[in-house]
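Trainee: Start counting at 1 in the sequence shown, then tack on 936, and there's your number in the working numbering. Virtual Cβ for every residue (Gly too), placed ideally from N, Cα, C. Got a structure here, written out as structure tokens. Questions coming.
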Amino acid sequence: MTDTLEPTKNHVYVKDGTFHRDFEGLYSDVDDPWKTEADPHGSFSRKKERLAEAILVDNVSSYLEIGCGKGIWLDRLKASSNSNIIFSGADISTVAIDAATQRFPGISFDVLDIRYDIPRSTHQVACLDNMLWYVMEDIDATLRNIFHRVDACWIVHFFWKDNEQQKYGRDFFHGQDGLTSKLRADGYDIYRDERIDLPDDPSFYLGFICFRTLQVLRKCS
Ligand SMILES: C[S@@+](CC[C@H](N)C(=O)[O-])C[C@H]1O[C@@H](n2cnc3c(N)ncnc32)[C@H](O)[C@@H]1O
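See below:
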């Protein structure tokens, strides 16, 4: 095992316009592929604060992270949130979910591909934390699958400050503005659309978008 491999170089990378995604190989070969545990830029802590704050404000009782990897971020969020919230995680990688299940027995984890599957249990909110790039081609099916079972969704995502840097997937969405325009056009209601600067990483900012279906709004009114 090593944590020095660049995930984008060896397992998850774009070559000749094709996106190669070997998450199973990645989690087998690399201990902390996204530096979630190491959190060298502190971005993890900033995200955690934002989400914990949103959870309290929105009075959420059940929470699902889709693309939770080894569950580290989920466990930290659980530790800093209201103890009544039920936390669950899901990921396409069996290796990651096996590790998460062993390490965090207080959280339930499932293996699934959100492009095709939906979790069996129901959750109030779902969170997609830096995993949208990997389902871009299937973003419509992904959103439909999510909203089949949840009332609201949060997307936490790194975006380039200079949109021209986004070399892949512009047809699906281009930058945070492109994503929010798409969501609005598709009939989702966006109630938070924030950009968090990362002082140590001037090329990127952290986008934080919360949205729900208009059907939910109609149900509430
Ligand atoms: C960049 S990582 C983020 C991991 C975690 N959220 C974190 O911050 O440490 C993206 C995750 O999405 C998962 N993933 C990619 N495609 C997926 C899919 N179609 N369905 C479910 N999970 C997927 C990958 O296995 C990976 O764990």
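Would you grab the beta carbon distance between Ile1028 and Asp1046 for me? Rounded to a whole angstrom, and I think it's under 8 Å.
Mentor: On the sequence shown, residue 1028 is found 92 positions in, with the first residue counted as 1. On the sequence shown, residue 1046 is found 110 positions in, with the first residue counted as 1. Between Asp1046 and Ile1028 the Cβ distance is about 10 Å, and since that is not below 8 Å, they are no contact.
Trainee: In angstroms with no decimal places, state the Cα-to-Cα distance between Asp1076 and Gln1038.
Mentor: Counting from 1 along the sequence shown, the entry for residue 1076 is found at position 140. Counting from 1 along the sequence shown, the entry for residue 1038 is found at position 102. If you take the alpha carbons of Asp1076 and Gln1038, they lie about 33 Å apart.
Trainee: Going by DSSP, which residues form a beta bridge with Trp1090?
Mentor: Indexing the sequence shown from 1 puts residue 1090 at position 154. Paired residues: Cys1063 and Cys1146.
Trainee: Output yes or no for whether 9 Å exceeds the beta carbon distance between Thr1078 and Arg1051.
Mentor: Residue 1078 sits at position 142 when you count from the first residue of the sequence shown. Residue 1051 sits at position 115 when you count from the first residue of the sequence shown. A contact, by the Cβ cut-off of 9 Å.
Trainee: Under the three-state reduction of DSSP, which class applies to Gly978: helix, strand or coil?
Mentor: One-based indexing of the sequence shown puts residue 978 at position 42. Here Gly978 sits in coil by DSSP.
Trainee: In three-state DSSP terms, what is Ile1132?
Mentor: To locate residue 1132, count along the sequence shown from 1; it is residue 196. Strand at Ile1132.
Trainee: Does the count of Cβ pairs from the segment 1128-1147 and the segment 965-975 closer than 8 Å reach three?
Mentor: The answer is no - the segment 965-975 does not touch the segment 1128-1147, with fewer than three Cβ pairs under 8 Å.
Trainee: Mind checking whether the beta-carbon of Tyr1004 lies closer than 8 Å to any heavy atom of ligand 1?
Mentor: In the sequence shown, the residue the question calls residue 1004 occupies position 68. Correcting the residue type first, residue 1004 is Cys in the shown sequence and not Tyr. Yes, Cβ of Cys1004 sits closer than 8 Å to a heavy atom of ligand 1.
Trainee: Confirm the yes/no value for this check: CB of Trp1090, any heavy atom of ligand 1, distance under 8 Å.
Mentor: Taking the first residue of the sequence shown as position 1, residue 1090 is located at position 154. For ligand 1, not one heavy atom lies less than 8 Å from the Cβ of Trp1090.
Trainee: Figure out for me which residue from Leu1068, Leu1064, Ala1036 and Ile1082 has the closest Cα to the Cα of Ile1054.
Mentor: The sequence position of residue 1054 within the sequence shown is 118, counting from 1. Nearest of Leu1068, Leu1064, Ala1036 and Ile1082 to Ile1054, Cα basis: Ile1082.
Trainee: State the Cα-Cα distance for the pair Tyr1124 and Trp1069, rounded to the nearest angstrom.
Mentor: For the purposes of this step, residue 1124 is taken as residue 188 along the sequence shown, with counting starting at 1. For the purposes of this step, residue 1069 is taken as residue 133 along the sequence shown, with counting starting at 1. Cα-Cα distance, rounded: 19 Å.
Trainee: What is the residue span of the alpha helix (DSSP H) that Tyr963 lies within?
Mentor: Position 27 of the sequence shown, counting from 1, holds the residue named residue 963. That run of the alpha helix (DSSP H) goes Phe959 to Asp965.
Trainee: Identify the residues that DSSP records as bridge partners of Trp1217: which are they?
Mentor: Limits of the chain in this structure are 937 at one end and 1157 at the other, which puts residue 1217 out of reach.
Trainee: Evaluate Gln1112 with the Cβ neighbour count: other Cβ atoms within 10 Å of its Cβ, from every protein chain shown; 16 or more gives buried, anything less gives exposed.
Mentor: Here residue 1112 refers to the residue found at position 176 when the sequence shown is read from its first residue. That one is buried.
Trainee: Taking 8 Å as the cut-off, does the CB of Glu1001 come closer than this to any heavy atom belonging to ligand 1?
Mentor: In the sequence shown, counting from the first residue as 1, residue 1001 sits at position 65. At least one heavy atom of ligand 1 is nearer than 8 Å to the Cβ of Glu1001, so yes.
Trainee: For the segment 1135-1145 against the segment 1093-1109, do three or more pairs of beta-carbon atoms, one drawn from each stretch, fall closer than 8 Å, so that the two count as touching?
Mentor: Because the criterion of three Cβ pairs below 8 Å is met, the segment 1135-1145 and the segment 1093-1109 touch.
Trainee: Return yes when the Cβ of Ser1024 is within less than 9 Å of the Cβ of Leu1000, no when it is not.
Mentor: To locate residue 1000, count along the sequence shown from 1; it is residue 64. To locate residue 1024, count along the sequence shown from 1; it is residue 88. Yes, they are a contact pair.
Trainee: Would you mind reading off the limits of the beta strand (DSSP E) that contains Gly1025?
Mentor: As a position in the sequence shown, residue 1025 is number 89, starting the count at 1. Its beta strand (DSSP E) spans residues Ile1022 to Asp1027.
Trainee: Looking only at its own chain, which residues have a Cβ that is under 6 Å from the Cβ of Thr940, when we skip the five neighbours before and after it?
Mentor: On the sequence shown, position 4 is the one that residue 940 refers to. Low confidence applies here, because Thr940 scores a pLDDT of 44, under 50, leaving its location unreliable; read the following figure in that light. Cβ neighbours of Thr940 beyond the five flanking positions: none.
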